[in-house]
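Chains as they are written, first to last, in our numbering: chain A, 2 to 249; chain B, 3 to 106.
Okay, structure first, notes after.
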Amino acid sequence: VPSTCDWRKATNIISSIKNQKNCRCCWAIAAADNIEALWRIKHRQFVEVSVQELLDCDRCGNGCKGGFVWDAYITVLNNSGLASKKDYPFQGHPNPNGCLAKKYKKVAWIQDFIMLSSNEQVIAGYLATHGPVTVTINMKLLQGYQKGVIKATHTSCDPQHVDHSVLLVGFGKGKEKEGIRSGTLFSQSRKPRRSVPYWILKNSWGAEWGEKGYFRLYRGNNSCGITKYPVTARVDRPVKRQPVSCPP
Amino acid sequence: GSLLTKDAGPRPLELIDVFKLFQIKYNRSYSTPAEYARRLAIFAHNLAQAQRLQEEDLGTAEFGETPFSDLTEEEFGQLYGHQRAPERIPNVVKKAGSEKWGES
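Below is the structure:
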């Protein structure tokens with residue numbers, strides 16, 4: 002596992018920040034962001050997929066009332082891919098005519114999807130070698146977040162109560178806040194600044210929010226339940242496999 | 003002394019002024035004076051909460067005014083979280099399609 006990784010620095014891999022508006026479709030946007038990034042990494046093709054298709058064709062019927070990323074991947078598998086954002090654009094509410102998937106050409110598809118182990122080191126390794134993955138976190142501290150690395154405790158951000166899906170796009174290390182070490186009146190000294198490992202996450206609340214649409218969470222203590230549901234699609238290049246046969 | 007009579011520079015913004023700027027920035031209007039008063043109270047609570055988080059946070063995060071500062075925590079969760087209970091977590095990884103590439 003490298004010490005830092007940021008897929009935003011690779012040219013044309015991470016699509017632009019989306020805005021879910023008043024539709025509770027973070028789950029569909031996180032999955033779409035994941036598929037777009039993986040498709041670009043594996044096929045070197047710039048695709049923008051239809052989030053609206055994920056909402057309209059969701060088996061539970063109303064994608065703006067919430068869901069989980071695996072609902073999105075099941076829709077992609079059932080529909081044999083996704084239409085483009087251009088053909089089937091985001092409206093911020095379910096289409097009254099229902100699922101229009103059959104009307105449009107597919108621009109991206111997936112082989113399957115997997116849930117990674119709940120281990121931050123394993124997640125970092127997968128992220129660095131395969132590409133961005135979706136995670137579902139407790140979004141409580143994001144309401145007032147402006148910038149910097151959130152280092153939550155299990156009391157300030159319950160890791161069991163996860164309610165918002167986003168895309169994990171990288172990790173790194175920064176310097177912690179400068180603090181004063183308590184001592185006698187005359188011997189206060191500055192604490193040595195330690196490095197703060199963090200995750201870089203892509204949100205779906207527009208580019209005006211947070212750090213140009215992104216935010217950072219402390220890495221190493223399961224901050225806000227980041228390890229609860231690390232899920233990613235699998236997008237592989239076609240490879241010819243030798244047929245296998247059982248010896249008679 | 004003479005220092006006290008000197009202009010101390012611009013005074014800090016009152017909460018109402020800060021809220022007015024928030025409304026302009028995020029294009030917010032409220033239908034009744036009661037609703038305005040309620041949103042102002044929530045805004046004040048959220049700014050105080052942000053200040054507390056700022057002091058307690060162990061990382062480098064900065065908290066403060068955001069587009070969600072006039073929402074209660076419950077409203078924020080209802081509007082932006084996914085409320086559907088995770089009762090349908092797949093326990094088997096789904097494999098798609100044929101193993102043979104090139105087939106339609």
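Just so you know, even glycine gets a beta-carbon here, dropped at the ideal spot from N, CA and C.
Keep in mind it's a predicted model, so treat the numbers as computed, not measured.
I'd like the list of long-range same chain contacts for residue i, defined as Cβ closer than 8 Å, with 5 residues on each side in sequence excluded.
i	result
Ala-125 of chain A	Val-2, Cys-6, Phe-172, Arg-220
Lys-87 of chain A	Glu-49
Ser-196 of chain A	Lys-174, Gly-175, Lys-176, Glu-177
Let's test the definition: count the other Cβ atoms within 10 Å of the Cβ of residue i and tell me whether it reaches 16, buried, or not, exposed.
i	result
Ile-181 of chain A	Unreliable placement is indicated for Ile-181 of chain A, whose pLDDT of 42 sits below 50; the coordinate value is still reported in the next sentence. With fewer than 16 other Cβ atoms within 10 Å, it is exposed.
Cys-247 of chain A	exposed
Leu-23 of chain B	exposed
Asp-237 of chain A	exposed
Thr-34 of chain B	exposed
Asn-29 of chain B	exposed
Pro-244 of chain A	exposed
His-47 of chain B	exposed
Lys-141 of chain A	buried
Thr-130 of chain A	exposed
Asn-120 of chain A	exposed
Give the single residue among the options whose Cα lies nearest to the Cα of residue i.
i	options	result
Ile-18 of chain B	B:Ser-33, B:Thr-34, B:Tyr-38	B:Tyr-38
Ile-151 of chain A	A:Tyr-215, A:Leu-55, A:Lys-106	A:Tyr-215
Trp-71 of chain A	A:Asn-120, A:Tyr-199, A:Phe-114	A:Phe-114
Lys-66 of chain A	A:Ser-51, A:Trp-28, A:Leu-78	A:Trp-28
Gly-61 of chain B	A:Lys-229, A:Lys-148, A:Thr-156, A:Arg-242	A:Lys-148
Val-167 of chain A	A:Asp-57, A:Pro-249, A:Gly-226, A:Asp-159	A:Gly-226
Ser-85 of chain A	A:Asn-79, A:Tyr-105, A:Ala-73, A:Ala-129	A:Tyr-105
Between residue i and the ligand NAD, is there a pair consisting of the residue's CB and a ligand heavy atom that are separated by less than 7 Å?
i	result
Ala-29 of chain A	As for the ligand NAD, it is missing from this structure, which has no ligand bound.
Which stretch, first to last residue, makes up the alpha helix (DSSP H) that contains residue i?
i	result
Val-123 of chain A	121-131
Pro-79 of chain B	Here residue 79 of chain B turns out to be Gly, not Pro, going by the sequence shown. Taken as a continuous stretch (DSSP letters only), the alpha helix (DSSP H) holding Gly-79 of chain B covers 75-82.
Spatial neighbours of residue i within its chain, please: CB distance less than 6 Å, with the 5 preceding and 5 following residues excluded, ordered by chain position.
i	result
Ser-224 of chain A	Ala-153, Leu-218
Pro-97 of chain A	none
Once the 5 residues before and after residue i are set aside, which same chain residues still bring their CB inside 7 Å of it?
i	result
Phe-78 of chain B	Phe-70
Phe-47 of chain A	Asn-13, Arg-41
Flag this pair as yes or no: are the beta carbons of residue i and residue j separated by less than 8 Å?
i	j	result
Tyr-127 of chain A	Val-134 of chain A	yes
Trp-206 of chain A	Gln-21 of chain A	yes
Thr-68 of chain B	Tyr-199 of chain A	no
Gln-56 of chain B	Phe-45 of chain B	no
Need the endpoints of the beta strand (DSSP E) that residue i sits in, please.
i	result
Gln-147 of chain A	146-148
Phe-21 of chain B	Looking at the DSSP string, Phe-21 of chain B is not in any beta strand (DSSP E); the run it does join, the alpha helix (DSSP H), is 17-27.
Val-136 of chain A	134-138
Phe-216 of chain A	215-219
Asp-113 of chain A	113-116
Phe-172 of chain A	165-176
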